[in-house]
Amino acid sequence: MESTAAGHDELDYVGGGLPKTTNWWGAFVIGLAGTILVTGIAPVMVTSLGAAAIPSIFIITVSGYLLCLFLAELSAMMPDRSGGSPAYAYPAFKDRWPRFAEHINGFTAWAYWLGWFPVGPLNMILASFYIVNRFSLSTAGFTPIHTQIAWWTLVISIGGLLLLLIPAIRGLRFGTVFATTLAMLSMIPLTFLAISWIFHPAVAHFSQLTSFKAPDGAGFFSNHFGHGWFTIYIAFAFLLTWNVIAMEAAACYIGETRNPDRDAKIAMNLEGAYGVFIYTLIPVAFVIVIGTKALGNVALADPKTIFVNFASKVFGAGAGSNVLNWLIAIMLILALILSALNAITGTARSLHQMSMDGQFPKFFQHTNHHGVPDRSMMFNIVCMIIVVFFGGAVEIYTFSNVGYLASFVPVLVGYYLLRKDRPNVRRPFRLPEWMKYLALALAAFYTFIYFYGGITYAQCACSQAGHSTLPYYFIGFAVLAAYLPLYWWRKRDDVKTGASAPMTIGQQAAAASGGAP
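First residue of the sequence shown: 65, per the numbering used here; consecutive thereafter.
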């Protein structure tokens with residue numbers, strides 16, 4: 065990366081090589097796969113903490129919007145990088161610490177993969193529950209580890225993942241049409257439910273938000289679950305970050321937009337703003353309509369149960385209405401499928417970019433005639449099928465977030481470094497200068513949640529799961545450590561084949577024009 069003129073700087077990096085076949089809408093609509101996770105986290109939060117959950121949800125969600133803004137600037141700066149958030153750390157670190165930057169790049173992409181790929185099996189497991197319930201299928205099964213898994217859950221989950229591979233490998237243009245259909249059929253009714261109480265104001269009781277009380281009547285600053293208020297909110301923040309900052313998924317596709325100068329800022333701002341809206345309004349709606357005390361009913365932690373209960377109170381339909389049950393179940397199933405699709409496609413691009421950068425086996429560089437990293441997607445499917453046998457949401461949450469939250473810390477620090485070291489690089493979308501310090505503060509905030517909140521959440525989750533979930537927390541770290549042998553495998557292969565370092569965008573341009581590479 066060299067300065068090309070006084071006061072002007074060009075950022076050089078290794079591109080992803082994926083075709084540019086979409087626009088801001090494609091990135092936004094597939095990125096809704098992260099926002100749709102509200103259907104799972106909102107019921108858990110309000111049944112656990114009642115109105116006391118609202119401030120926590122809002123604060124963590126706003127941090128996700130800030131993350132989207134940082135990624136909008138970074139993705140517009142590096143329009144040929146693929147894989148979203150983890151792809152932007154490497155160029156930020158490699159000028160200062162070239163060798164260390166390689167591992168920053170590899171670790172960040174691998175941690176992001178660990179954070180996102182389990183969304184696929186988890187969502188297909190949840191979707192299978194609703195299908196089994198609606199069609200009264202047998203719940204007979206077996207217990208491979210701790211949680212019993214119905215045979216139908218295995219069939220539906222594994223079959224669903226294999227079917228989702230079809231639109232995934234058909235390319236982003238086809239995938240966008242598929243994702244748009246799913247998004248419209250799930251997000252439109254979900255958005256309507258979030259604001260439905262406005263049309264029936266008699267059912268909304270804003271007094272339920274007073275003092276942000278828990279279902280047991282305890283105040284916001286009271287102890288919960290045997291822990292002090294600060295400890296418990298940080299523990300739940302660990303769970304929240306796995307969900308409410310996932311709107312950043314839209315960044316995975318900016319590298320495949322035709323006009324990233326425009327598309328990055330539109331897609332990421334729209335994704336972040338809609339995320340804050342839906343993640344705040346859904347839990348608020350539950351609290352003011354159902355009531356804080358009533359939310360203490362643990363049965364409402366099931367998304368279908370709480371949405372049916374909420375809709376019946378707003379629209380006056382009986383809680384047992386078969387039509388209402390079907391409508392809610394269909395909405396949730398489609399939402400879960402959309403999110404599972406992104407888990408296959410988004411992280412495949414991260415693995416592909418890491419391989420292009422030279423830190424991961426060349427196997428993952430391959431793209432099919434549709435221009436998508438098909439081998440990376442197939443690798444994802446195999447790993448997802450393995451995780452299906454974990455069986456339970458708590459186990460998968462604990463395992464997965466060991467990677468997800470950690471992946472953003474190097475990116476946020478990298479944003480600061482690029483602002484500090486490369487102030488004159490072209491930035492089609494530029495945030496105020498003081499935001500670089502906010503990026504550092506957000507990195508510190510996430511680090512604290514990661515280490516302090518992660519252990520505490522794993523301990524608190526034991527009571528919900530009925531067994532210790534700490535083993536899954538440490539399994540997550542073991543998977544993170546698997547990055548090293550995969551990195552060494554690539555380096556050993558490069559030595560054996562005499563492969564040179566991957567060409568950057570600048571070197572490719574020079575070679576194409578007849579200059580020295």
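Even for Gly, the Cβ is constructed at its ideal location relative to N, Cα and C.
- Cβ contact annotation for G224 (same chain, cutoff 6 Å, sequence separation greater than five): M188, in chain order.
- Membership of M442 in the alpha helix (DSSP H) is indicated by the continuous run 438 to 452.
- Between L96 and the set A507, L391, L334, W498, the nearest pair of CA atoms involves L334.
- Of the candidates Y536, E320, H167, T245, H167 places its Cα closest to the Cα of K555.
- For T86, DSSP records a beta bridge to T321.
- Excluding sequence positions up to five before and after Y77, its CB lies within less than 8 Å of the CB of M65, M142, D144, R145, Y154, P155, T568, I569, all in the same chain and listed in chain order.
- Taken through DSSP and simplified to helix, strand or coil, I213 comes out as strand.
- By the neighbour-count criterion, in which 16 or more other beta carbons inside 10 Å mark a residue as buried, D421 falls on the buried side.
- Here D558 carries a helix assignment [DSSP, helix/strand/coil].
- At least 7 Å separates the beta-carbon of A314 from that of A299.
- In the three-state reduction of the DSSP assignment, F493 falls in the coil class.
- Note that the stretch 341 to 352 does not touch the stretch 173 to 181; fewer than 3 beta-carbon pairs, one per stretch, sit closer than 8 Å.
- In chain order, D73, L75 place their CB closer than 7 Å to the CB of R486, counting only its own chain and leaving out the 5 sequence neighbours on each side.
- In this structure, L82 sits near G435, with a CB-CB distance shorter than 7 Å.
- Under the three-state reduction of DSSP, H434 is assigned to coil, being neither helix nor strand.
- Nearest in C-alpha terms to P208, of all of L476, I123, V452, is V452.
- Non-local C-beta neighbours of I222 in its own chain, meaning closer than 7 Å and more than five positions away in sequence, comprise I449, V452, ordered along the chain.
- A direct Cα-to-Cα measurement between I513 and V466 gives close to 11 Å.
- Using a C-beta cut-off of 8 Å, the stretch 387 to 405 makes contact with the stretch 186 to 206, since at least three inter-stretch Cβ pairs fall below that distance.
- The beta carbon of L273 is closer than 8 Å to those of A115, I118, V348, V351, I352 in its chain, skipping five residues each way along the sequence.
- Sequence-distant Cβ neighbours of F302 in its own chain, meaning closer than 8 Å and more than five residues away, are N465, L469, I513, Y514, G517, G518, T520, Y521.
- Excluding the 5 residues flanking it on each side, F181 has same chain C-beta neighbours closer than 7 Å at A407, T411, N444, C447, M448, in chain order.
- In chain order, I124, T125, G128, Y343 place their CB closer than 6 Å to the CB of V308, counting only its own chain and leaving out the 5 sequence neighbours on each side.
- According to DSSP, residue pairing for F206 in a beta bridge involves I213.
- Here I100 is actually not in contact with L304; their C-beta atoms are around 15 Å apart, not less than 8 Å.
- In this structure, DSSP gives D421 a helical state, which the three-state scheme calls helix.
- Less than 7 Å separates the beta-carbon of I392 from that of F371.
- Here A258 has F341, I342, L345, I346, A349 as same chain residues with Cβ atoms under 8 Å from its own Cβ, once five neighbours each way along the sequence are excluded.
- The C-beta distance from A136 to K377 rounds to 39 Å, too long to fall under 8 Å, and the pair is not in contact.
- Each residue's CA atom was taken as its position, placing G281 and V362 some 16 Å apart.
- A straight-line Cα-Cα distance of about 30 Å links A545 and L402.
- Collapsing the DSSP output to three states places D485 in a helix.
- If you check the CB distance, A503 and L534 do not come in under 7 Å.
- The residues N187, L190, A191, in chain order, have a CB closer than 6 Å to that of L400 in the same chain once the five nearest residues on each side in sequence are set aside.
- Annotation: F463 to G540 spans about 5 Å, alpha carbon to alpha carbon.
- Taking T369 as the centre and dropping the five residues before and after it, the same chain places the C-beta of A363 closer than 6 Å to its C-beta, in chain order.
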